[in-house]
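Trainee: There's a structure below that I have some questions on.
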Amino acid sequence: MPEDLSSFNLLGISTADKQTKTISSGDITPTEKFVIVAAQAGTTDDLDGIVTTGIDAPGDADGAELWLMADSGDTITIRHNRNAAATKNILTASGSSLAMSGNMLVRVVYNIALDTNGAWVVEDAVGSLYLLATGGRAGSTSQAQDFGSTGIKADAIAESTPAAGVTIDSVLLKDGFVGMAEISTPSTPSANNLRIFPRANGSNIELIALSSTGAECVICTLANGAAPANILTLNWIE
């Protein structure tokens with residue numbers, strides 16, 4: 001007789017454990033380990049609380065583990081610390097909201113020792129982390145990551161697409177050089193700072209430094225499409 005695989009177990013999640021829960025007033029009340037989270041109305045919603053009633057774990061919910069996935073076509077935003085000191089509270093590792101959509105799978109674990117009366121702790125990503133621009137997918141995550149007000153610290157940032165380099169706010173970093181798109185004039189920097197930018201001027205392209213007073217210094221001028229000349233032209237524009 002063929003083996004019955006109707007409730008096989010993979011990494012602690014059984015197919016028999018799967019359920020769909022629709023958000024109600026910001027909360028879900030799961031009774032299984034694998035939860036498909038559906039928006040209350042439309043295709044977007046916020047998840048602010050996971051009610052512990054019905055969670056089978058020692059000491060009510062302490063140590064309980066859930067796996068969450070957004071319902072097909074929905075974007076569910078898991079919001080950080082929206083129910084402080086309530087047993088249903090959710091805490092993200094980054095301290096910021098986490099948007100869940102597509103094939104993204106999020107693990108949450110309950111810790112009774114947190115936030116006065118216990119809280120769910122979100123493991124913000126599964127697998128490798130990538131920093132993504134809005135839109136296209138790169139690596140193993142499906143949307144941009146929000147690192148909150150603390151910013152990002154890194155020893156190295158590597159390109160995710162071979163030979164593409166890394167683009168940060170229209171500035172290309174690639175193979176040891178910096179590529180900048182032509183702009184008219186950037187915003188004026190604060191005192192003791194400069195902004196360096198390229199600007200088209202007729203048939204030429206100029207590299208310009210802008211001071212906090214609005215004064216400009218043309219560092220060099222090159223003919224568009226021509227090989228760089230061994231000339232450095234300095235002009236201060238008041």
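Using the working numbering, you'd call the opening residue of the sequence shown number 1 and step up by one each time. Where is the CB? At the ideal position from N, CA and C, for every residue including glycine.
1. Determine the closest residue to Thr185 out of Ala86, Val35, Glu216 and Asn83, with distance taken between C-alpha atoms.
2. What is the rounded straight-line gap between the Cα of Ala138 and the Cα of Ile168?
3. Taking the straight line between their C-alpha atoms, what separation do you get for Glu182 and Thr221?
4. Between the Cα of Gly118 and the Cα atoms of Thr87, Thr75 and Ser170, which residue gives the shortest distance?
5. Thinking C-alpha only, which one of Ile112, Ile219 and Ser212 is nearest Arg199?
6. By DSSP's criteria, Arg107 is part of a beta bridge. Which residues make up the other side?
7. Can you list, in chain order, the residues of its chain whose CB lies under 6 Å from that of Glu159, leaving out five sequence neighbours each side?
8. Spatial neighbours of Leu68 within its chain, please: CB distance less than 7 Å, with the 5 preceding and 5 following residues excluded, ordered by chain position.
9. Within 10 angstroms of its Cβ, does Asp243 collect 16 or more other Cβ (buried), or is it exposed?
10. For Ala61, does the count of other Cβ atoms within 10 angstroms reach 16, so buried, or fall short, so exposed?
11. Given this structure, state the Cα-to-Cα distance separating Ile196 from Ala70, to the nearest angstrom.
12. In terms of residue numbering, what span does the beta strand (DSSP E) encompassing Gln19 cover?
13. Of the choices Thr213, Gly214, Thr188 and Asn224, whose alpha-carbon is the least far from that of Gly202?
14. Can you have a look at Gln19 and say buried or exposed, based on whether 16 or more other CB atoms are within 10 angstroms of its CB?
15. Under the rule that 16 or more other beta-carbon atoms within 10 Å means buried, what is Ala84, buried or exposed?
Mentor: Concretely, from the data shown:
1. Working through the sequence shown from its first residue, we reach residue 185 at position 185. Taking only the C-alpha atoms, the option nearest Thr185 is Glu216.
2. By 1-based counting over the sequence shown, the position of residue 138 is 138. By 1-based counting over the sequence shown, the position of residue 168 is 168. Summary for Ala138: the model assigns pLDDT 41, below 50, so the residue's position carries little reliability; its value from the coordinates is reported in the next sentence. Looking at the two C-alpha atoms, the distance is approximately 15 Å.
3. As a working mapping, residue 182 is identified with position 182 in the sequence shown. As a working mapping, residue 221 is identified with position 221 in the sequence shown. Taking the straight line joining both Cα atoms gives about 13 Å.
4. As a first step, residue 118 must be located in the sequence shown, where it is residue number 118. When each option's Cα is compared against that of Gly118, the closest is Thr87.
5. Residue 199 sits at position 199 when you count from the first residue of the sequence shown. If we check each option's Cα against that of Arg199, Ile219 comes out closest.
6. Translated into the one-based positions of the sequence shown, residue 107 becomes position 107. Arg107 is bridged to Trp67 and Glu123.
7. Walking along the sequence shown from the start, residue 159 turns up at place 159. For Glu159, where only same-chain residues beyond five positions count, the Cβ hits under 6 Å are Gly165 and Val166.
8. Sequence index remark: in the sequence shown, residue 68 carries index 68 (1-based). The answer, listed in chain order, is Val35, Val37, Met100, Val106 and Val108.
9. Summary: the structure shown does not reach residue 243, with the chain confined to residues 1 through 238, and so no result is reported for it.
10. As a working note, residue 61 is residue 61 in the sequence shown. Buried: at least 16 other Cβ atoms inside 10 Å.
11. Within the sequence shown, residue 196 is the residue found at index 196, counting from 1. Within the sequence shown, residue 70 is the residue found at index 70, counting from 1. Near 44 Å, if we compare the C-alpha coordinates of Ala70 and Ile196.
12. Taking the first residue of the sequence shown as position 1, residue 19 is located at position 19. Element bounds for Gln19: Lys18 to Thr22.
13. Within the sequence shown, residue 202 is the residue found at index 202, counting from 1. Nearest of Thr213, Gly214, Thr188 and Asn224 to Gly202, Cα basis: Asn224.
14. Locating residue 19 in the sequence shown gives position 19, counting from the first residue. Per the 10 Å Cβ criterion, exposed.
15. What you label residue 84 is simply residue 84 of the sequence shown in a count that begins at 1. Answer is exposed; the Cβ neighbour count stays below 16.
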